[in-house]
Structure formats: structure tokens, C-alpha cells
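Have a look at the structure below, then the notes.
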Amino acid sequence: MKKISKKKTYCTVCPKWEIKIPERCSNTLKAKSKTHYFCTKRCKERYLKAPEKFA
Ligand SMILES: [Zn+2]
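Count the sequence shown with our numbering and you get residues 5 to 59, in order.
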């Protein structure tokens with residue numbers, strides 16, 4: 005059984021920004037149920053300052 009994820013991954017802070025290769029994304033944050041991806045370190049910092057805004 006093949007499991008192909010067709011779901012695209014987007015930056016949590018700027019949802020228009022697609023993370024093309026999540027495996028290569030170095031700006032990630034593991035949450036309880038999912039992993040957040042960020043296009044830049046800045047986005048990660050913004051998220052960390054106010055996570056509730058992007059939940
Ligand atoms: Zn971003």
C-alpha cells in the first residue's frame with residue numbers, strides 16, 4: 005500500500021509560501037500533533053513570539 009501525501013506544506017506564518025521540500029526545511033518546530041514549517045528563521049521567531057496567532 006502506497007501512502008502518498010498530496011497535502012502541500014506551507015509556512016505557518018505566511019501561508020502563501022509553499023515549503024517545496026519539507027524534508028530539507030531547516031526552520032521547523034515540532035508541536036504535539038504536527039510539525040510547523042517556516043520559510044525563514046524570521047518566520048519561526050515571529051511564530052515563537054505569538055504562537056496563538058498562527059495556531
Ligand atoms: Zn514564512
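Where a beta carbon is used, it is the ideal one built from N, C-alpha and C, also for glycine.
Taking Glu49 as the reference, give the member of Thr16, Pro26, Arg28 and Lys12 with the closest Cα.
With distances taken between Cα atoms, Glu49 lies closest to Thr16.
Smallest Cα separation from Phe42: which of Ala54, Ala59, Ala35 and Trp21?
Comparing Cα-Cα distances from Phe42 to each of Ala54, Ala59, Ala35 and Trp21, the minimum goes to Trp21.
Taking the alpha helix (DSSP H) that Tyr41 belongs to, which residues open and close that run?
No alpha helix (DSSP H) contains Tyr41, which is instead part of the beta strand (DSSP E) from Thr39 to Tyr41.
With distance defined between alpha-carbon atoms, name the residue in Ala35, Pro19, Thr39 and Cys18 nearest to Glu27.
The option with the nearest alpha carbon to Glu27 is Thr39.
Looking at Phe42 and ligand 1, is the gap between the Cβ and the nearest heavy atom below 7 Å?
For ligand 1, at least one heavy atom lies less than 7 Å from the Cβ of Phe42.
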